[in-house]
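Student:
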């Protein structure tokens, strides 16, 4: 029984490693492609460092970022890459919940759900 459990845990660890690796590689690819597109379209921007300019309004929401990335705008792709990078560890936590449910490890399910609740609160409810 312990050999089967060890093989099962090893398989789940491999899936999690693939999830994390692919998330980071996807994020890096999006940021790199966005950077190339941005530099090609804006070769020599005149930067005034005395005046702060935040991100344009369309890049301040997730839907706006996705629309800009779909148009292959450099800034939109960069922002989407950063969102994917942020979402990668969150996806790991979500995957862990399902893995622990599959293993019927209820203590770890509860702990992982608390971690997920804290992550959700920090993303969506922290500013309240």
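Numbering (the working numbering), first residue to last: 28 to 155.
No residue lacks a Cβ here, since even glycine has one placed at the ideal position from N, Cα and C.
(1) Quick one: any contact between the region 143-152 and the region 115-133, if contact means 3 or more CB pairs under 8 Å?
(2) Which residue from 99, 114, 92 and 116 puts its Cα closest to that of residue 107?
(3) Indicate whether residue 104 and residue 54 have their beta-carbon atoms separated by less than 7 Å.
(4) Spell out a yes or no on whether the region 78-96 and the region 129-140 are touching, meaning 3 or more CB-CB pairs, one atom from each, closer than 8 Å.
(5) Can you have a look at residue 95 and say buried or exposed, based on whether 16 or more other CB atoms are within 10 angstroms of its CB?
(6) Apart from the five residues just before and just after residue 64, which ones in its own chain have a Cβ nearer than 6 Å to its Cβ?
(7) Over what stretch of residues does the alpha helix (DSSP H) that includes residue 139 continue unbroken?
(8) May I ask which residues mark the beginning and end of the alpha helix (DSSP H) holding residue 95?
Tutor: Judging by the given coordinates:
(1) Yes, the region 143-152 touches the region 115-133.
(2) It is 92.
(3) Taking 7 Å as the Cβ cut-off, residue 104 and residue 54 do not qualify as a contacting pair.
(4) They do not touch, by the three-pair rule.
(5) Per the 10 Å Cβ criterion, buried.
(6) 101
(7) 133-147
(8) 89-97
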